[in-house]
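Here the protein sequences line up with chains A, B and C, keeping their order.
Using the numbering used here, the letters of the first sequence correspond one by one to residues 1 to 160.
Using the numbering used here, the letters of the second sequence correspond one by one to residues 1001 to 1264.
Using the numbering used here, the letters of the third sequence correspond one by one to residues 2001 to 2455.
Cβ atoms here follow ideal geometry from the backbone N, Cα and C, with glycine treated the same way.
From a predicted model like this one, the values you see are computed outputs, not experimental measurements.
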Amino acid sequence: MAKVPVQFTLNGSEKAEFVESGTTLLNALRDKIGDTSPKGGCHQGTCGACSVIIDGELRLSCLTLAETCGGANIKTTAGLAEGGVLHPLQRAFLDGFATQCGFCTPGMIMAAKVLLDRTPNPSREDVVEALSGNVCRCTGYEPIIQAVLSAARANSQNVA
Amino acid sequence: MSLALQTFSTVKDASAALQAAGARYLGGGTLVVRAANEGDVSLSSLVRVTDPSLSRIAVSGGKARLGASVTMAAVARHPELNALSPAARAVGGPAIRNMATVGGNLFAPAPYGDFTVALLALDAIVVTEDGEMPIETFLTGRNASRAVVTAVAFPLPAAESFRFRKVSRVKPKGVSVLSIAALLQRTSDGVVTSARIAFGCMADRPMRAKAAEKALLGCKLTSKEIAPALAAAGAGTSPITDPIASAWYRAEVLPVHLGRLLVG
Amino acid sequence: MELRKDYFADVRTDGLNEIGQPRPRLDSPGHVTGKTAYFADRNFPGMLHLKMVRSPHHHARIRSIDTSEAEKHPGVVKVLTARDVPHNVYTILILIQIGPEDETVLADGKVRWKGEAVVAVLAETERAAQEAAAKVKVDYEVLPAVFDMEEALKPGAPLVNEYHGQNYYLYDSGECRKVRFGDVEAGFAQADHILEQSYQSSPIEHAPTETTGCVVAPEGNDRFTCYTNTQAMFFTLDNASIILQMQGSKLHFVGGTVGGGFGGKVDVIVEPIAILAAKLTGRPVCFIYSREEEMQISSPRAAEKVVIKDGVMKDGRIVARKVTGYTDAGAYSRHSPYGAQKGAAHYPGPYTIPNVWIDTYCVYTNRTPSSAMRGFGVTIGDFALEVQMDKLARLIGMDPLELRFINAYRDGDMKAHRQPTEGAALIECMQEASRAANWPVAEKYMAMSSYRKGA
């Protein structure tokens, strides 16, 4: 099996690995690099649990081949907390009881982060749209939506 | 055999590699990587092209040309493609729209391929390395198509003349029960002078609603006058049955949603 | 949150420290940082991937299985068939003496539903396992199949499961679970109106975001660690012990972190075969359902049919209720005999009815085996019962909520299955619902209590 080199920045640190050609970014992150925060729920692009941010855009790591990410800047939920301090989204999910089984949580937080990076004061509709590719089968959508809105409020207070 | 990715800088070189058995073109990955993940062992190599011209959007002289690698997100946010934005936004969630391409959507089997429904109503031209053809011709022969699609081109519709509707059970994002696109030219007092309507999910790929188009000519868009078009909507359709809806259900609700698109 | 302290003021203590207080979830910090370890987050060097070859037929005899090409496929380490499984025929409820053993870990001679596990392929990569699985040749003789419960119960229907010998579960009470209370025929004779209605449901898939699976690692001392997302840890451990004929002390289960279960992860499906594979290869093994397997193979909530015949008086009293319930177990028992039994106890609903007759059948068909899901055995019944209550109210021209007040069970009432009612609080819940939904009822109902005078 042909191994190919992949090299990218993950949560601020340089990563270089050899993976089998055709390996998805999800599998490379989880099995090779050891970042298991993206989850494999469907491997077909319908659940959003594997969502990561590549060069500022939300992507599904299960449908992205690792080889196509050369030189990319990749962010995952595992890299969100800085110096042990939770990101406002993480804090809001925690305080707002926005997790149940937790399996969708890292993907939800990634989708929400892309939204807040571009739209610091989103409407409820904006949040619903931004999370529309992420499935919570525990169906705890309302606390999740409220957590994102609450994180946005916390951010804007900090800025002000 | 394992899966291997081959990267080329030109369509021509990729085309040569695609002649090998088990080779498939990799666009955004939402169809072909999914198939590989699901255990399609007939796939042995994925071929991609990095030529930046494939990601170009060109709008001029009332015409648009979208490179095959243009994503749904790029269409949705392009200021001069507002008419197509609803169709691009109808595809997947935000992450899928950042990946799924115009070229890939042309090959998406029902219940996917909502954007292609819009392109079919717009009478787009599909550009391949071998030449150009009307989208209808392309869709008819797409199973046997081996040529790499490089772009689609179409006249930009006037804002009022183009309508798109996707019906799904999950809001705001869900797989299609069906989708409908319509390009309607009307006189100043509202009489339809030409109609081009396309359906998604009413066959294994997007299809024209020719009977309904014909029945709309000379009508105003009122519930009463469009009734014959709605009655004719099902002509020639063979809707798919899948976990989203049965063929029976799709056939039943088609006239309802066509009516809402035309009158609503 | 609002605590309504006017209800049950005389029996309630007010020294509550936890009730009504928000408390942080212990697992949430791990969830929001992506650090929670689900079973699939365990990765071991040299781990093998297990892929299952499954039946493409609803019902078929297996003439032969040829694994020779699959075994030669590059990357394949082991191919398992029924003869590799020490105790291949099992049933999960045998732990509480509910037999017979009726299901095979890997099909032996016959398949009884489309998707049944036949051959397990172990390979170095998932892709190699998929390719080799496609090379396993199984020669099937297709048999007539039955998918409808009433068809399955007719004489001459194809026999689904030989371990039962008939297409229903044989309880100690006979072909169905029975509840007899009062004299239902006398009740119907006395009633002003009779309403008989039939309700039915389709199977429902739990569709957890994390698919069913496990990762097994040999500990090097004949002991195996099984990281699993089962919702039934010790149930699974004990069943694996029986199937593998291994002492429970050799099985080290690590779990409790489940990416959505909803009852869909209480079957013992992936762990025994993965442990067996780890034992026979000496390698770590992962067996994780694909999304398609999760949707098509994992057991759904059973399809049910419920026929309800009620006798009701003009004043709203239900004087007789006869229910026949059918639970579609699919091809194997799993938890369905228990589900159908729960239905028998539940079908009168939260109502006190003097004359009750209930029969509930657990029926075998060639459909995907069903099992537990959130209130299985009662949820579909509740749908049927409450639709029936609305129909009864319409029939006699009464407010549907008032009809429920008249029939609601209250403390001290004897339920049809001979359990006295305690701590019901149904009256009080409906009073509060009446206010919250702005659906007023007559003052006499608002003055009612779950306590009966003198009780």
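For this session: State the CB to CB distance for the pair B:Ala1232 and B:Ala1251, rounded to an integer number of angstroms; the pair is presumed to be in contact (CB under 8 Å).
Result: The count along the second sequence starts at 1 and reaches residue 1232 of chain B at position 232. The count along the second sequence starts at 1 and reaches residue 1251 of chain B at position 251. With 8 Å as the limit, B:Ala1232 and B:Ala1251 do not qualify as a contact, their Cβ atoms being about 13 Å apart.
For this session: Return the residues of the region 48-73 of chain A that lie within a Cβ-Cβ distance of less than 8 Å from chain B, sorted by chain order.
Result: Gly48, Ser51, Glu57, Leu58, Arg59, Leu60, Cys62, Leu63, Thr64, Leu65, Glu67 and Thr68
Exercise. How close, in whole Å, do the beta carbons of C:Leu2122 and C:Thr2228 come, if the pair is a contact with beta carbons under 8 Å?
Worked result: As a first step, residue 2122 of chain C is located in the third sequence; it is residue number 122 there, counting from the start. As a first step, residue 2228 of chain C is located in the third sequence; it is residue number 228 there, counting from the start. In fact, because the Cβ distance is near 18 Å, the residues do not count as touching under 8 Å.
Exercise. So B:Ser1267 is in the beta strand (DSSP E); what residue range does that whole segment cover?
Worked result: Past the edges of chain B, shown from 1001 to 1264, lies residue 1267 of chain B, and the structure says nothing about it.
Exercise. Comparing the C-beta of C:Pro2284 with each C-beta of chain A, is any distance below 7 Å?
Worked result: As a working mapping, residue 2284 of chain C is identified with position 284 in the third sequence. With 7 Å as the cut-off, C:Pro2284 does not count as an interface residue toward chain A.
For this session: Could you have a look at C:Pro2218 and say whether DSSP puts it in helix, strand or coil?
Result: As a position in the third sequence, residue 2218 of chain C is number 218, starting the count at 1. Note: C:Pro2218 maps to strand in three-state DSSP.
Exercise. Would you call the region 2222-2240 of chain C and the region 2401-2420 of chain C in contact, with 3 or more CB pairs under 8 Å?
Worked result: no
For this session: Kindly identify the DSSP beta-bridge partner or partners of C:Leu2251.
Result: Mapped onto the third sequence, residue 2251 of chain C falls at position 251. C:Leu2251 is bridged to C:Phe2224.
Problem set entry | When B:Arg1097, B:Gly1103 and B:Ala1108 are compared against B:Ile1125, the one with the closest alpha-carbon | Counted from its first residue, the second sequence places residue 1125 of chain B at position 125. The candidate whose alpha carbon is nearest that of B:Ile1125 is B:Gly1103.
For this session: Could you check which residue in B:Gly1234, B:Ser1055, B:Ala1076 and B:Asn1037 has the C-alpha nearest to that of B:Gly1067?
Result: Taking the first residue of the second sequence as 1, we reach residue 1067 of chain B at position 67. It is B:Ser1055.
Problem set entry | Sequence ranges, alpha helix (DSSP H) only - wholly within the region 1082-1111 of chain B, length at least 4 | 1085-1089, 1094-1099 and 1102-1107
Exercise. Is it right to say A:Ser13 is buried, meaning 16 or more other beta carbons lie within 10 angstroms of its own, or is it exposed?
Worked result: If you number the first sequence from 1, residue 13 of chain A lands on position 13. With fewer than 16 other Cβ atoms within 10 Å, it is exposed.
Exercise. Would you say C:Ala2145 faces chain A, with C-beta separation under 7 Å as the test?
Worked result: Counted from its first residue, the third sequence places residue 2145 of chain C at position 145. Answer no: the Cβ-Cβ gap between C:Ala2145 and chain A never drops below 7 Å.
Problem set entry | B:Ala1181 and B:Phe1164 closer than 7 Å at C-beta | Within the second sequence, residue 1181 of chain B is the residue found at index 181, counting from 1. Within the second sequence, residue 1164 of chain B is the residue found at index 164, counting from 1. Contact flag set, yes.
Exercise. Counting Cβ pairs closer than 8 Å, one from the region 2109-2122 of chain C and one from the region 2044-2059 of chain C, do we hit at least three?
Worked result: yes
Exercise. By the 10 Å Cβ neighbour count, where 16 or more other Cβ atoms means buried, how is A:Pro122 classified, buried or exposed?
Worked result: Position 122 of the first sequence holds residue 122 of chain A. Counting Cβ neighbours within 10 Å, A:Pro122 comes out buried, since at least 16 surround it.
Exercise. Shorter than 7 Å from the beta carbon of A:Leu10 to some beta carbon of chain C?
Worked result: The residue given as residue 10 of chain A occupies position 10 in the first sequence. Taking Cβ atoms only, chain C never reaches closer than 7 Å to A:Leu10, which makes this a no.
For this session: Please state if the CB of C:Ser2201 and the CB of C:Ala2331 are separated by a distance shorter than 7 Å.
Result: Position 331 of the third sequence, counted from the first residue, corresponds to residue 2331 of chain C. Position 201 of the third sequence, counted from the first residue, corresponds to residue 2201 of chain C. No; because the gap between Cβ atoms is not below 7 Å, this pair is not in contact.
Problem set entry | Contacts around C:Cys2362, its chain only, beta-carbon distance under 7 Å, and the 5 residues preceding and following it disregarded | The sequence position of residue 2362 of chain C within the third sequence is 362, counting from 1. Closer than 7 Å at Cβ, skipping near neighbours: Tyr2168, Tyr2169, Thr2327, Ala2329, Ser2336, Pro2337 and Ala2340.
Problem set entry | Closest residue to C:Ser2370 among C:Arg2452, C:Ser2333 and C:Val2312 (Cα-Cα distance) | What you label residue 2370 of chain C is simply residue 370 of the third sequence in a count that begins at 1. Answer by Cα proximity: C:Ser2333.
Exercise. Under a CB-based cut-off of 7 Å, is A:Ala2 close to chain B?
Worked result: Here residue 2 of chain A refers to the residue found at position 2 of the first sequence. It does; some Cβ of chain B falls within 7 Å.
For this session: Could you tell me whether any Cβ in chain C is nearer than 7 Å to the Cβ of B:Pro1015?
Result: Counting from 1 along the second sequence, the entry for residue 1015 of chain B is found at position 15. This sequence places Ser at residue 1015 of chain B; Pro is not what is there. B:Ser1015 does not count as touching chain C.
Problem set entry | Integer-rounded CB distance, given that C:His2049 should sit under 8 Å from C:Cys2286 | To locate residue 2286 of chain C, count along the third sequence from 1; it is residue 286. To locate residue 2049 of chain C, count along the third sequence from 1; it is residue 49. Contact flag correct, Cβ pair sits at about 6 Å.
Exercise. Across which residues does DSSP place C:Asn2167 in a beta bridge pair?
Worked result: As a working note, residue 2167 of chain C is residue 167 in the third sequence. DSSP output for C:Asn2167 lists no bridge partner at all.
For this session: Evaluate A:His43 with the Cβ neighbour count: other Cβ atoms within 10 Å of its Cβ, from every protein chain shown; 16 or more gives buried, anything less gives exposed.
Result: Locating residue 43 of chain A in the first sequence gives position 43, where the first residue counts as 1. Its Cβ being crowded by 16 or more others within 10 Å, A:His43 is buried.
Problem set entry | 7 Å Cβ cutoff met for C:Ile2353 and C:Arg2321 | Here residue 2353 of chain C refers to the residue found at position 353 when the third sequence is read from its first residue. Here residue 2321 of chain C refers to the residue found at position 321 when the third sequence is read from its first residue. It is a contact, given that the beta carbons lie within the stated cut-off.
Exercise. So what's C:Thr2211 in DSSP terms, helix, strand or just coil?
Worked result: Taking the third sequence and counting its residues from 1, the one referred to as residue 2211 of chain C is at position 211. Correct three-state label for C:Thr2211: coil.
Problem set entry | DSSP bridge partner residues for C:Thr2104 (one or two, in chain order) | Taking the first residue of the third sequence as position 1, residue 2104 of chain C is located at position 104. Answer by DSSP bridge pairing, in chain order: C:Val2089.
For this session: Under 6 Å Cβ to Cβ from C:Val2089, same chain only, skipping five residues before and after it: list those, please.
Result: On the third sequence, residue 2089 of chain C is found 89 positions in, with the first residue counted as 1. Within the same chain, C:Val2089 has close Cβ partners Glu2101 and Thr2104.
Problem set entry | Beta-ladder partner(s) of C:Tyr2289, from DSSP | Taking the third sequence and counting its residues from 1, one reaches residue 2289 of chain C at position 289. According to DSSP, C:Tyr2289 bridges with nothing at all.
Exercise. In angstroms, rounded to a whole number, what distance separates the CA positions of A:Val148 and B:Val1191?
Worked result: The residue you call residue 148 of chain A lines up with position 148 of the first sequence. The residue you call residue 1191 of chain B lines up with position 191 of the second sequence. Cα to Cα, the separation comes out at about 48 Å.
For this session: Check C:Phe2044 in the structure and name its three-state DSSP category.
Result: Taking the first residue of the third sequence as 1, we reach residue 2044 of chain C at position 44. Note: C:Phe2044 maps to coil in three-state DSSP.
Exercise. Mind checking whether C:Val2079 and C:Ala2070 have CB atoms under 7 Å apart?
Worked result: By one-based count along the third sequence, residue 2079 of chain C stands at place 79. By one-based count along the third sequence, residue 2070 of chain C stands at place 70. Taking 7 Å as the Cβ cut-off, C:Val2079 and C:Ala2070 qualify as a contacting pair.
Exercise. Quick one: is C:Met2414 buried, meaning 16 or more other Cβ sit within 10 Å of its Cβ, or exposed?
Worked result: Translated into positions along the third sequence, residue 2414 of chain C becomes position 414. Looking at its Cβ environment, which holds fewer than 16 other Cβ atoms inside 10 Å, C:Met2414 is exposed.
For this session: Write down the C-beta distance between A:Leu58 and B:Asn1098 rounded to the nearest angstrom, noting that I regard them as a contact closer than 8 Å.
Result: Taking the first sequence and counting its residues from 1, one reaches residue 58 of chain A at position 58. Taking the second sequence and counting its residues from 1, one reaches residue 1098 of chain B at position 98. About 6 Å separates the two Cβ atoms, so the contact holds.
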